[in-house]
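As you go down the protein sequences, you meet chains A, B and C in turn. Residue numbers for the first sequence follow full-length UniProt numbering, so the first one is 1 and each next one is one higher. Residue numbers for the second sequence follow full-length UniProt numbering, so the first one is 1 and each next one is one higher. Residue numbers for the third sequence follow full-length UniProt numbering, so the first one is 1 and each next one is one higher. Idealized CB from N, CA, C, for every residue including glycine. None of the values given here were measured: they were computed from a predicted structure. These notes concern the structure reproduced below.
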Amino acid sequence: MSSTTVANGRKRLSQGLTVTQKVFVTSRNGNATKIVREHYLRNDIPCLSKACDKCSKLVVPDASNKLPVFILSESPQDLKADNIGKHYIVLDTNIILQSIDLLENESCFFDVIVPQIVLDEVRNKSYPIYTRLRTLCRDSENNSTKRFIVFHNEFNENTFIERIDDESINDRNDRAIRKTSSWYAKHLKEYGINIVLLSNDRLNREKSKLETSTDDEDNTYITKSLMQYIDLLPNADLIKDLVPNFDTFNTTAAKGETLLAKEFTFEDYYSTSRIMGGLKNGSLFQGNIQISEFNFLEGSINLPNFKKPVLIVGSKNLNRAFNSDQVVVELLPESQWKAPSSIVLDAEHYDVNDNPDNDDEEDDGILNPNKNQDAQNMLSDKQRRLLAQDAILAQKSNKNHPTAKVVAITRRSWRQYVGQIAPNSVDKQVGGTQNVFVILMDKCLPKIRIRTRRANELLNKRIVISVDSWPADHKYPLGHFVRDLGDVESSEAETEALLLEHDVEYRPFSRKVLDCLPEEGHNWKAPTNINDPQEQAKDPLLKNRQDLRDKLICSIDPPGCVDIDDALHAKRLPNGNWEVGVHIADVTHFVKPGTALDAEGASRGTSVYLVDKRIDMLPMLLGTDLCSLKPYVDRFAFSVIWELDDNAEIIDVKFTKSVIRSREAFSYEQAQLRIDDKNQTDELTKGMRALLELSVKLKQKRLDAGALNLASPEVKVHMDSETSDPNEVEIKKLLATNSLVEEFMLLANISVARKIFDAFPQTAMLRRHASPPSTNFAILNEMLQKRKNLSISLESSKALADSLDRCIDPKDPYFNTLIRIMSTRCMMAAQYFYSGAYQYSDFRHYGLAVDIYTHFTSPIRRFCDVIAHRQLAGAIGYEPLALMHRDKNKMEMICKNINKKHRNAQFAGRASIEYYVGQVMRNNECTETGYVIKVLNNGIVVLVPKFGVEGLIRIENLTSDPSSSAYDEIEFKLSFMHGESNQTRDIYVFDKVEVQVRSVVDPVTGKRKAELLLK
Amino acid sequence: MSRFEIYSPEGLRLDGRRWNEVRRFECSINTHAHAADGSSYLEQGNNKIITLVKGPKEPSLRSQANSLKATMDVSVNITRFSKFERSAISHKNERRVLEIQTALLRTFEKNIMLHLYPRTQISIQVHILQQDGGMFASLINGITLALIDAGIAMYDYVSGISIGLFDTTPLLDVNTLEENAMSTVTLGVIGKSEKLSLLSVEDKIPLDRLESVLAIGIAGAHRLRDLMDEELRKHAHKRVIKASTK
Amino acid sequence: MTLSIAEKSYLYDSLTASPSIRPDGRKPHQFRPIEVSTDFLPSSNGSSRIISGDGSECIVSVKAKVIDHTLSDEELIQVDLDIAGERTDSPQVETLMSLLNKVLKSGPGFEHSRLQLTERYSFKIFIDILVISSNCNPASLISFAMFSALNTTTLPKLISSFDDLKVEELPMFDDYDLVNLKLKSPLVFLLAIVGNNLIVDPDANESEVCDNAIIVTWLDGKIRSPIRTLTLNNSYSKGFDPTLLQKGLKLIEENAAAVLTALESS
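This is the structure:
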């Protein structure tokens, strides 16, 4: 190969391609490795501007023979102000990391160039923001307003720069961005398009000024900070509030002086090398912090080796950590260890009178400032390790938990949050920009300081904000306004808020996704004859399907169900056994792996059911029509067909893709009536009766094996059919037919799980439920022991089930349910996993008491089931399994996502019910029976089964004289003076109490919640 | 989730190449004229390989001699310092190395006219000084060059190339980062033909993609053959000039 | 290539003549030309490749790793030798290894403080030697290659603090800047004794007929230990006059600096 060495160690390989070496050092675990990688530079990277007529000549097609699309407009936004003129924008990394919301805004940032180096940095810092940025770029092809491109400056021979000695990587990258800007400026000069580089880094801007003034005229570009640029826009006023808050550019010089004089500061975080060293030698610990839902100034962190969670108490020790941040902690000396607090404290009522403009706060006295901080820093690591050993020992013996302080935050969990402006932080006289506090819906988080000019306008609105920073000298984190969702308590705003809070994707399906649906739309029909050669030509897999349209199949679902996942049939076989079929909607016939539809489903993970709304995982057309096993029409299904004997023992099982025709869609109640109706003697009813009988046997077998029957306070909100206002709450009823369907679904799931695990031992999509560690039940057991002389055994699920059965209070039938509800909360969450991730013995589903389990029966609304379908199709040789479901890493990612989405969907569903229950109560104040489930130092927590709500009753609301209260943590008792007579009243845990339930709006926060008052 | 964009939507790979571009390929032959009968030094990307061919020579052991054809042996020495992290153990007698040696032996046995050299031995020694992905393929190229330098009769060039499959895009001549992130295929292609003397698939690859992978692999191998051919001709030209001016 | 008895006899006579006549016309203190290239393996911290005129070739790589020196008292320098075609436990490799280890330990050039990073951590450097081909004893060639590799070795630059004994920190390094190690390794010279003559850097044929040979270690302008005798062949070996040793050391003292300068400039 003819290769000539050119300057800087670059080597020309051929026309337009040179190679150089990238050398750098990686430090990992204290070791330093020199890394050398080849780096190719090229001349065929286009500027992607429609105005340019030079670049279109040098483009080359990619692997799929597609040429790059030129995206940047030939007549971009023309800003008269400051002589900017027609311009493209080049972004630096921090602007993207801090203001991605703003970049997504439709009313600014039209033609934007993202240098590759910036994209890389964004990707390393925050993958979610990277994805959003990439989406912006991807959608630019068909978007007329926002045109974002990635320019590969690092691979372009004209814009690549070598690092200079003693130059930090950040300086080098900044220089590369400036180089890109000046290249673009020169490149587009002749078309009259200017380049504006946006950077909030003052030094960077100064350097670029310096460079452009010395360089030749041609490559001059404009440099602005984000704020400076926004100010120049015609619609600046609308956008300004959306600019992130870093204090650096909203603090005027005069204020800067007072900042310096401030006394309130958090401790600085430790250096990376200190953290690495400390983690390695066991003097520091890393974990995810969980903020107590009762006390936002108390966090806990579960560490391996530590049986009890380590507590982090007080804002100084929390040191700016948010709920679920990944943090590094250092143990505090034993003298400061303590029991978890039994005080309730939430952000909204704490320091209510703080002024959002001030940060000079006195120490939060009660919350344990770290007085002997200096003495502590003198500890050597050896002493720290001894401390850790003590801590582990101490946990076994006494009630105190070791405490710790946060010394570094390794990963922030920051996202967008929904909240509302604290009314008392707004100065109604001020018309212009002011600092206000936003109280977040999530009780575990502190209030956020934002700067807005629309404070008065936004009062009593649900707003979305984003957290930007939390400098050490600020008591509260800084954020900025993102979006207004609407009035507080309007059902639209509240629904959207809770979807946002739970990270549920609720936007309509995109064009690309909808394009994957069958062209025929609602007119799609299953072929009448599956042996028809014409039909087979259209769908080569058709011949692998079985025609089961002769079977008497029916579906049983909740009333009004439109997405019918499953249908059943049973038939007596000549040999006296039963043929039982479970038929599941064949979603994977329509959702093929690798399509946009598939990706969307995988990302949504599950449908989300709210009281008044359903957020579908798959487009309506599939969910409620083509896949839904509606009666009287032909539908594709995936069938599991067993031969069961009279004792419901499995003789044989077969799996097949099929065509079915459901004879009837029953509601649970209708099905129950039909079965109970002695006059009905048709084959369908006989089949249903058989199913019911078999299901009873199946259930008994399951219970004998130790399956748990747990409970959660599930309620249903009735909506007024006319006004669609919620007007009544009822507890869900269970019929025998519910259990009929459930048993066969469980059976199908188990059979499928075995089959796919057999076929794909490493990547089968399964679901497990770990046995709960005894510590989870420690407190509940202690309470039971003390108050009722009962206990829950944890030896096995069978023992647990039996001991739960024994937990009865002869005087109160509900007591058993209460214990079941409380036990449910002590259980581990079931999780999706791929079979390679665990040992077979750990596949166990504790709650169901089976050795292996998966989700197969609801592919319309759960993505796990979709994968299980594909794997089963692969296992029976229907069609080969896509590679992505045979790849451990990809399966790992899928599992992680659907676990998260599943959890979020549950939370969102509960939050929705909670909200509507609140709305119901708003209209009906009433007195109800409740149970005390937790006793705290300054209040009690009461569960009201009728509404499924639980609420805290603070000591102030229990008695007129809070100082008279006495808390006995051993007896789980709170005593206080009560009522007119001023008699002492003792409240114990599990006490049945009458409470007055009403819904109130908190005067401080404007949040509505159920308020309980003891009668 | 990889830390990098293996193949960006703009069609560029981690190191700036496009999907169908080979790495820098620099070779020279007759680099160890005193030490061996044929030798080559090859840099394919950051792979650096010295290959020595000794023979045809009298077998070191009489028992190794075959009266019909030459016997061959290949020894691959992966130095401990060839990767970024020095390996704590020696690679000699590692199962993987033994496998590679056997595979190389099989590949070249078919392409050398061994029957021309009965009762002799041809020893091939390869030293890997630095590796950066697609090692197996580079070994093939290094050996081809050294064999030609030794003047051993072959039917044609054997050029080695590795191809990765990233989702649905085949990537030619993978480096370490790419190799670790995806399934790869190694090919040994004979001359300008579409004949394969070696096909090695060690990871899962969907069968329906194999064809496109092979197509780009063969094209890449032909490109390498041309680069080797060019170098050999240049070298020969120099020798001719040297000889004629003597 | 082995010499016939007559050839050997002729060669021996010429070498013992006064002054000795070497087959390639070199003076007694003259070295054969060598070709040195350094830093040709970018992924190592230091590297060098030496090829001598007769085709002997030696490649040296220097790599560094961070170790906790409070945990173990392992040597901070480890040498590994691989001679192509030789087993690692062959006598030749083992003799050379022991020699090289002694050579590296000699002299103040190898202060451990150079490699110490912090109170707890040090660099450990691994010197891997690959002898691709050699026609005569490669000790001298290896020492030259080691010298030039170490001379150009650069190590990552520490940016975390030095004091980490009490409050432990993992060392952190600059992600780009490398600092020169500046470690001088001793040079090893091979002197052949033929009759009353001394010749440096004997080639393969000269080695065949010399009476005896001495290995001399040299560093920083001084002769150092180890100094060893060595038999290069089986047929001609015999004792030598101790005064020759003095003469030989003097010869090295006079010429070593020039070799050093040549290597340093490479």
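What's the call for Leu207/B, buried or exposed, on a 16-neighbour Cβ count within 10 Å? Residue numbering aside, residue 207/B sits at position 207 when the second sequence is read from its first letter. In this structure Leu207/B is exposed. Its beta-carbon is surrounded by fewer than 16 other beta-carbon atoms within 10 angstroms.
In this structure, does DSSP put Trp337/A in helix, strand or coil? Position 337 of the first sequence, counted from the first residue, corresponds to residue 337/A. When secondary structure is reduced to three states using DSSP, Trp337/A falls in the coil class, being assigned neither helix nor strand.
So, is Leu139/B buried or exposed, given that buried needs 16 or more other C-beta atoms within 10 angstroms? For the purposes of this step, residue 139/B is identified with residue 139 of the second sequence, where counting begins at 1. Buried.
Does the beta-carbon of Lys179/A, which I'm using as the reference point, lie nearer than 8 Å to any heavy atom of the ligand MG? As for the ligand MG, it is missing from this structure, which has no ligand bound.
Buried or exposed for Val240/B, please, with buried defined as at least 16 other CB atoms from any protein chain shown within 10 angstroms of its CB. In the second sequence, residue 240/B corresponds to position 240, counting from 1. Val240/B comes out exposed.
Please go through the same chain and pick out, in chain order, the residues whose beta-carbon is closer than 7 Å to the beta-carbon of Ser67/B, but skip the five residues on each side of it. Here the question's residue 67/B lines up with position 67 in the second sequence. For Ser67/B, the CB contacts under 7 Å within the same chain, skipping 5 residues up- and downstream, are Pro118, Arg119 in chain order.
For Thr176/B, the first and last residue of its enclosing alpha helix (DSSP H): Here residue 176/B is taken as the residue at index 176 of the second sequence, counted from 1. First-last of the alpha helix (DSSP H) with Thr176/B: 176-181.
Between Ile940/A and Ile970/A, what straight-line distance do the alpha-carbon atoms span, to the nearest angstrom? Within the first sequence, the letter at position 940 stands for residue 940/A. Within the first sequence, the letter at position 970 stands for residue 970/A. Whole-angstrom Cα-Cα distance: 15 Å.
Could you give the distance in angstroms between the alpha-carbon of Arg225/B and the alpha-carbon of Met884/A? The residue labelled residue 225/B in the question sits at position 225 within the second sequence. The residue labelled residue 884/A in the question sits at position 884 within the first sequence. If you draw a straight line from the Cα of Arg225/B to the Cα of Met884/A, it is about 35 Å long.
Per DSSP, what kind of secondary structure is Asp120/A in: helix, strand or coil? By 1-based counting over the first sequence, the position of residue 120/A is 120. Assignment of Asp120/A by DSSP, reduced to helix, strand and coil, places it in the helix class.
Against Phe155/A, what residues of chain B qualify as contacts under a CB-to-CB distance less than 8 Å, listed in chain order? Along the first sequence, one-based indexing puts residue 155/A at 155. Neighbours of Phe155/A on chain B, chain order: Leu12, Gly16.
DSSP on His902/A, reduced to helix/strand/coil? In the first sequence, residue 902/A corresponds to position 902, counting from 1. The answer is helix: DSSP assigns His902/A an H, G or I state.
Give me the chain C residues within the contact set of Thr272/A, using Cβ-Cβ distance strictly less than 7 Å, ordered along the chain. Your numbering for residue 272/A matches position 272 in the first sequence. Under the 7 Å cutoff, chain C gives Met172.
With respect to the beta strand (DSSP E) encompassing Ala526/A, which residues constitute its N-terminal and C-terminal limits? Reading the first sequence from its first residue, position 526 is the one you call residue 526/A. Element bounds for Ala526/A: n/a, residue is neither H nor E.
Have a look at the DSSP bridge pairing and note the partners of Pro118/B. For the purposes of this step, residue 118/B is identified with residue 118 of the second sequence, where counting begins at 1. Per DSSP, Pro118/B has no beta-bridge partner at all.
May I ask you to verify whether the region 580-591 of chain A touches the region 544-560 of chain A, counting CB pairs closer than 8 Å and requiring at least 3? A contact is defined here as three or more CB-CB pairs under 8 Å, and the region 580-591 of chain A meets this definition with respect to the region 544-560 of chain A.
For Lys247/C, three-class secondary structure by DSSP: Within the third sequence, residue 247/C is the residue found at index 247, counting from 1. Helix at Lys247/C.
If you draw a straight line from the alpha carbon of Lys538/A to that of Asn923/A, how long is it in whole angstroms? For this step, residue 538/A is matched to residue 538 along the first sequence. For this step, residue 923/A is matched to residue 923 along the first sequence. The straight-line gap from Cα to Cα measures roughly 58 Å.
Could you work out which residues of chain C lie near Ala32/A, taking near to mean beta carbons separated by less than 7 Å? As a working mapping, residue 32/A is identified with position 32 in the first sequence. Those are Val66, Pro156, Phe173, listed as they occur along chain C.
Would you tell me roughly how many angstroms separate the C-alpha atoms of Pro333/A and Ala388/A, rounded to the nearest one? As a position in the first sequence, residue 333/A is number 333, starting the count at 1. As a position in the first sequence, residue 388/A is number 388, starting the count at 1. Annotation: Pro333/A to Ala388/A spans about 10 Å, alpha carbon to alpha carbon.
Anticipated Cβ contact below 8 Å, Val25/A with Pro156/C, distance rounded: As a first step, residue 25/A is located in the first sequence; it is residue number 25 there, counting from the start. As a first step, residue 156/C is located in the third sequence; it is residue number 156 there, counting from the start. Yes, they are in contact, since the Cβ atoms of Val25/A and Pro156/C sit about 4 Å apart, within 8 Å.
For Val653/A, which residues from the same chain have a beta carbon less than 6 Å from its beta carbon, with the 5 sequence-adjacent residues on both sides left out? Here the question's residue 653/A lines up with position 653 in the first sequence. For Val653/A, where only same-chain residues beyond five positions count, the Cβ hits under 6 Å are Trp642, Ser751.
What did DSSP end up calling Tyr243/A once you bin it into helix, strand or coil? By one-based count along the first sequence, residue 243/A stands at place 243. Contrary to the premise, residue 243/A reads as Val rather than Tyr in this sequence. In this structure, Val243/A counts as coil in the three-state DSSP scheme.
Could you have a look at Ala221/B and say whether DSSP puts it in helix, strand or coil? For the purposes of this step, residue 221/B is identified with residue 221 of the second sequence, where counting begins at 1. The answer is helix: DSSP assigns Ala221/B an H, G or I state.
Can you check which of these residues, Tyr915/A, Asp62/A, Gly278/A, is closest to Leu610/A by C-alpha distance? For the purposes of this step, residue 610/A is identified with residue 610 of the first sequence, where counting begins at 1. Residue Tyr915/A holds the alpha-carbon nearest to the alpha-carbon of Leu610/A among Tyr915/A, Asp62/A, Gly278/A.
When the cut-off is 9 Å and only beta carbons count, does Ser133/C lie next to chain B? The residue labelled residue 133/C in the question sits at position 133 within the third sequence. Ser133/C counts as touching chain B.
Does Met617/A come out as helix, strand or coil in the three-state DSSP assignment? By 1-based counting over the first sequence, the position of residue 617/A is 617. Here Met617/A sits in coil by DSSP.
For Lys11/A, go through chain B and note every residue whose CB falls closer than 8 Å to its CB, in chain order. Start at 1 with the first residue of the first sequence, and residue 11/A comes out as number 11. Among the residues of chain B, those whose CB is under 8 Å from the CB of Lys11/A are Arg24, following chain order.
Short check: CB of Leu311/A to CB of Pro402/A, under 9 Å? The residue you call residue 311/A lines up with position 311 of the first sequence. The residue you call residue 402/A lines up with position 402 of the first sequence. Yes. Within cutoff.
My output table needs one value for Phe147/C: the three-state DSSP class, helix, strand or coil. Along the third sequence, one-based indexing puts residue 147/C at 147. Assigned with DSSP and collapsed to three states, Phe147/C falls in helix.
Between Ile163/B and Ile216/B, how many whole angstroms is the CB-CB distance? I'm expecting something under 8 Å. One-based indexing of the second sequence puts residue 163/B at position 163. One-based indexing of the second sequence puts residue 216/B at position 216. The Cβ separation is near 6 Å, so the contact holds.
Taking its Cβ as the centre, do 16 or more other Cβ atoms sit within 10 Å of Leu263/C, making it buried, or is it exposed? Working through the third sequence from its first residue, we reach residue 263/C at position 263. Within a 10 Å sphere around the beta-carbon of Leu263/C sit 16 or more other beta-carbons, which makes this residue buried.
Any residues in the region 27-54 of chain B with a beta carbon nearer than 8 Å to a beta carbon of chain E? Which ones, in chain order? Chain labels in this structure do not include chain E; the protein chains are A, B and C.
Might you give, ordered along the chain, the residues of its own chain that have their beta carbon closer than 8 Å to the beta carbon of Ala176/A, omitting 5 neighbours on each side? As a position in the first sequence, residue 176/A is number 176, starting the count at 1. Correct list, in chain order: Pro115, Ile117, Asn153, Glu154, Thr159, Phe160, Ile161.
Of all the alpha helix (DSSP H) runs that stay within the bounds of the region 506-547 of chain A, which reach a length of 4 or more residues? Runs found: 511-514, 533-538.
Could you tell me the alpha carbon to alpha carbon distance between Lys247/C and Glu254/C, rounded to whole angstroms? Numbered from 1 along the third sequence, position 247 holds the residue referred to as residue 247/C. Numbered from 1 along the third sequence, position 254 holds the residue referred to as residue 254/C. The alpha-carbon atoms of Lys247/C and Glu254/C are separated by roughly 11 Å.
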